[in-house]
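Have a look at the structure below, then the notes.
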Amino acid sequence: RLSHPSPAQTCSSSKEDLSPQNQRRRRRCWRCWRWNKWSRDGSSAPERCDKSLTTENECRLILQVYSNLIVQKNKKKPFDSAGLFQLDSADINNQRDTENGHLIYKNGDILVDRYEIMDTLGEGTFGKVVQCVDRSRGGSQIALKIIKNLEKYREAAKLEINVLEKIIERDPHNKKHCVQMLDWFNFYGHVCISFELLSLSTFDFLKANSFLPYPINQIRHMAQQICHAVSFLHDNKLTHTDLKPENILFVNSEYSIVYNTEKKCNERRVNNTTVRLIDFGSATYDHEHHSTLISTRHYRAPEVIMELGWSHPCDVWSIGCIPWHGPYLLDMGVHLQTHDNREHMAMMERILGPIPQRMIRKSRKQKYFYHGRLDWNEHSKSGRYVKTKCKPLRKYLMSHGRDHHNFFNLVETLLDYEASKRVSLSSALSHPFFTTSSDPGKRQSWRNSCDLGR
């Protein structure tokens with residue numbers, strides 16, 4: 488707090504008339520901003536004191552101290568020597584951004600004289616994705632990812648751009664089912680990345696379809712494309728680390744209405760199952776630092792939870808989880824939906840059997856285990872919940888056709904506890920689920936759909 492000056496330090500004008508009129512008029516010295524001797528509330532505008540005893544430099548120093556108090560109270564910029572608030576580049580950026588770093592925009596805004604914003608497609612922790620018209624590409628529609636104006640997100644965006652440039656270099660003709668970056672630029676601290684415009688994610692389409700599962704032949708085509716895409720990343724010494732249905736987008740999500748005889752209702756059937764893998768913001772090269780915590784909870788591999796170290800096989804595990812949480816057996820909608828590591832592993836054991844003891848011995852998370860077993864009480868409230876909501880893998884089989892059995896066999900190989908024994912994606916692509924079909928007509932239909940996506 489500013490201490491009140493002694494009578495000797497007060498402005499000379501404050502030593503004069505004590506009339507009520509002067510008391511109302513005199514509040515602070517205009518130059519030194521000190522309290523008037525007879526008025527302490529400072530409620531009215533300051534009056535100029537022509538006979539201030541302080542020097543000009545002293546006034547400026549006192550003014551700076553007081554303006555700093557204003558900053559702390561009102562969170563404003565300090566006054567300049569003329570008594571005005573100072574504006575710098577940060578102020579200008581703050582006028583463009585929200586408090587959490589998002590760019591403020593409206594439909595019709597044009598960025599860098601090229602991209603006209605048409606609509607907002609989505610929002611995440613990284614920033615927002617908007618649909619734009621690219622005037623430099625003949626008015627074609629593109630998706631623009633606008634990163635938050637925060638340093639950590641800018642650095643992450645630079646890493647993502649490096650990965651996307653590597654994908655373009657290794658897959659110039661876009662045959663590997665990974666989204667293609669078109670361009671990138673910096674807009675007042677916001678890293679912006681333009682992509683080909685895609686359609687709904689496999690999850691959003693499923694949600695719009697009342698969570699009715701995709702047909703097995705469509706699952707086959709989508710799974711094969713994702714295995715090809717992630718295998719391509721692994722061949723280039725990359726791990727995606729965030730595979731989930733939300734990051735798998737249809738190129739075109741137009742659909743037909745089909746009557747489902749089993750459910751006795753109409754359902755949406757996507758016409759073309761060609762997909763693209765997106766979101767390489769967490770992709771990690773083999774030689775880079777491997778963060779302890781990766782992947783969205785429901786798709787996190789056991790070696791990540793147990794801190795055993797991770798590599799390409801953690802992507803394989805995530806792919807094994809995708810058909811369960813997404814395109815296939817939505818009757819088990821609670822599969823691995825938990826925010827607790829111990830409960831997560833209990834769900835794994837309920838579905839896949841006990842975690843191998845050699846993994847437990849090597850784990851850095853011994854607090855979750857007791858005498859070489861998961862420390863879990865099946866009779867507790869959580870234990871009963873897991874037992875009710877989860878069951879052994881094969882009990883989720885909805886059909887005894889050959890395609891469904893092959894599919895479950897593939898999922899079992901993808902969800903092997905031990906990363907060293909988990910099937911590689913190049914081997915998974917040779918699995919009978921991909922190479923054989925019990926319905927030649929559906930097999931041909933799937934091939935035609937695959938050809939359309941090329």
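Reading the sequence shown from the start, the letters are residues 488 to 941 in our numbering. Even glycine gets a Cβ: it sits at the ideal position worked out from N, Cα and C.
Between the Cα of GLU652 and the Cα atoms of PRO919, VAL666, SER886, SER869, which residue gives the shortest distance? VAL666
So, at 6 Å on beta carbons, what are the nonlocal neighbours of ILE633 in its own chain, with the 5 sequence-adjacent residues on each side left out? LEU590, GLY614, LYS615, HIS677, CYS679
Quick one: what does DSSP say GLY807 is sitting in, helix, strand or coil? helix
If you draw a straight line from the C-alpha of LYS950 to the C-alpha of GLU683, how long is it? Since the first and last residues shown for the chain are 488 and 941, residue 950 lies out of range.
Three-state secondary structure (DSSP) of ALA1023: Look at the range of the chain in this structure, 488 to 941, and you will see that residue 1023 is not part of it.
Could you spell out the range, first to last residue, of the beta strand (DSSP E) harbouring TYR602? 602 to 610
Proximity to HIS858 [Cα-Cα], best of GLU754, PRO843, GLN618: PRO843
Extent of the continuous beta strand (DSSP E) to which LYS639 belongs: Careful: LYS639 lies outside any beta strand (DSSP E), inside the alpha helix (DSSP H) at 638 to 657.
Straight-line Cα distance separating ILE838 from TYR883: 10 Å
For TRP671, write down the residues that DSSP places opposite it in a beta bridge. ILE680
Ignoring anything shorter than 3 residues, give me the beta strand (DSSP E) runs that lie fully in the segment 893 to 922, in order along the chain. none
Beta-carbon contacts of ASN739 that lie in its chain and below 6 Å, excluding the five residues immediately before and after: SER686, ASN759
Those residues which DSSP pairs with CYS665 across a bridge: LEU764
Would you kindly work out how many angstroms separate the C-alpha atoms of TYR459 and ARG763, rounded to a whole number? Nothing about residue 459 can be reported from this structure: the residues present for the chain run from 488 to 941 only.
Spatial neighbours of SER576 within its chain, please: CB distance less than 7 Å, with the 5 preceding and 5 following residues excluded, ordered by chain position. Low local confidence applies: a pLDDT of 49 at SER576 is under 50, so the model's placement there is unreliable, with the coordinate-based value given in what follows. Excluding positions up to five away in sequence, the list is empty.
Touching or not, the segment 640 to 658 and the segment 697 to 708, by the rule of three or more beta carbon pairs under 8 Å? no
Near ALA788, what residues of its chain come up, given a Cβ to Cβ distance below 6 Å and the 5 sequence neighbours on each side ignored? CYS801, TRP804
Does the distance from the C-beta atom of GLY807 to that of LEU902 stay below 8 Å? yes
Please classify PHE690: does DSSP put it in a helix, a strand, or coil? helix
For VAL599, is the classification buried or exposed, using 16 other Cβ atoms within 10 angstroms of its Cβ as the cut-off for buried? exposed
Using a 10 Å radius around the Cβ and a threshold of 16 neighbouring Cβ atoms, would you call CYS460 buried or exposed? With the chain covering 488 to 941 only, the question about residue 460 has no answer from this structure.
Got a sec? Which residues, its chain only, sit under 6 Å from SER945 by beta carbon, not counting five neighbours each side? Missing from the structure shown is residue 945; the chain here goes from 488 to 941 and no further.
Quick check: the Cα distance between GLU610 and THR728, rounded to an integer number of angstroms? 20 Å
State yes or no: is the C-beta of LEU631 within less than 8 Å of the C-beta of TYR602? yes
Could you give the residue range of the beta strand (DSSP E) that holds ARG755? 752 to 757
Out of ARG909, LEU897, SER907, SER924, point me to the one whose CA is closest to HIS918's CA. LEU897
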